[in-house]
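If you count the sequence shown from 1, position 91 lands on 91 in UniProt numbering, and the numbers rise without skipping.
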Amino acid sequence: MKTLKGKIYSFGNNIDTDQIYPGRYLELTDHKDIGTHAMEGVDPDFSRRFERGGVIVAGSNFGCGSSREHAAITLKNAGVAAVFAKSFARIFYRNCINLGLPLIMVPDLDSFGLSEGKEIEVDLAAGILKTEDRVHKFLPLSEDILALIENGGVFSLYRK
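Okay, here's the thing in structure tokens:
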């Protein structure tokens with residue numbers, strides 16, 4: 001699996017699915033359009049300032065709220081490379097993994113000292129996150145989850 005490299009975009013605790021993808025856009029069906037509204041409920045300028053391949057870093061309970069898949073779809077289609085958080089809502093976690101978007105839970109994420117705008121490099125298989133001045137270890141993703149991510153999600157994997 002390739003190494004992910006990108007800029008950090010920071011968010012706090014309890015970011016819910018309506019903040020990730022506001023419900024007023026549920027009628028949109030084109031995934032490209034859906035991706036332009038990522039994180040709009042918590043940061044209206046996110047799509048404008050976000051650089052594809054960026055990594056979201058958040059607090060606890062990221063993705064809480066509604067179980068609708070739109071929140072996962074918007075992050076994937078916006079070009080988010082991965083999400084690190086202290087914890088995730090269970091259904092949101094599964095939705096993202098099923099779409100091939102890596103979510104990494106690090107309960108002691110604060111100790112990593114990650115901040116908005118910092119460039120990071122992530123090796124999901126080895127469980128290593130590097131900043132310009134530090135190297136951090138996290139629990140690597142399982143082989144099954146890595147296979148889903150490498151193949152673009154569960155639907156792509158099963159089409160093969």
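The beta carbon of each residue, even a glycine, is placed where N, CA and C say it ideally should be.
For residue i and residue j, what's the separation of their Cα atoms in angstroms?
| i | j | result |
| --- | --- | --- |
| Glu72 | Leu101 | Correcting the residue identity first, residue 72 is Ala in this sequence and not Glu. Distance between the alpha carbons of Ala72 and Leu101 is about 8 Å. |
| Val135 | Asp110 | 14 Å |
| Asn14 | Phe155 | 29 Å |
| Lys5 | Asn95 | 23 Å |
| His70 | Glu132 | 34 Å |
| Tyr21 | Ser47 | 12 Å |
| Arg52 | Asp33 | 15 Å |
| Leu124 | Ala85 | 14 Å |
Please report the Cβ distance between residue i and residue j, rounded to the nearest whole angstrom; I am assuming they are in contact, meaning their Cβ atoms lie under 8 Å.
| i | j | result |
| --- | --- | --- |
| Val83 | Ile56 | 4 Å |
| Leu148 | Ile104 | Wrong, their Cβ atoms sit about 14 Å apart, outside the cutoff. |
| Tyr9 | Gly79 | 11 Å between Cβ atoms; not a contact. |
| Gly65 | Thr17 | 4 Å |
| Phe11 | Ala58 | 4 Å |
| Gly117 | Lys7 | 6 Å |
| Thr74 | Gly35 | 6 Å |
By the 10 Å Cβ neighbour count, where 16 or more other Cβ atoms means buried, how is residue i classified, buried or exposed?
| i | result |
| --- | --- |
| His31 | exposed |
| Thr29 | exposed |
| Ala126 | exposed |
| Asn77 | buried |
| Leu26 | exposed |
| Gly63 | buried |
Who are the near neighbours of residue i in its chain, counting only those whose CB is closer than 7 Å to its CB and skipping five residues on each side?
| i | result |
| --- | --- |
| Lys130 | Ile120 and Glu121 |
| Phe138 | Ile104, Val106, Gly127 and Leu129 |
| Ser67 | Ile91 |
What does a CB cutoff of less than 8 Å around residue i pick up in its chain, not counting 5 residues either side in sequence?
| i | result |
| --- | --- |
| Leu157 | Ala147, Leu148 and Asn151 |
Quiz item: Any chance the segment 34-44 sits against the segment 90-106, with 3 or more Cβ pairs inside 8 Å?
Solution: no
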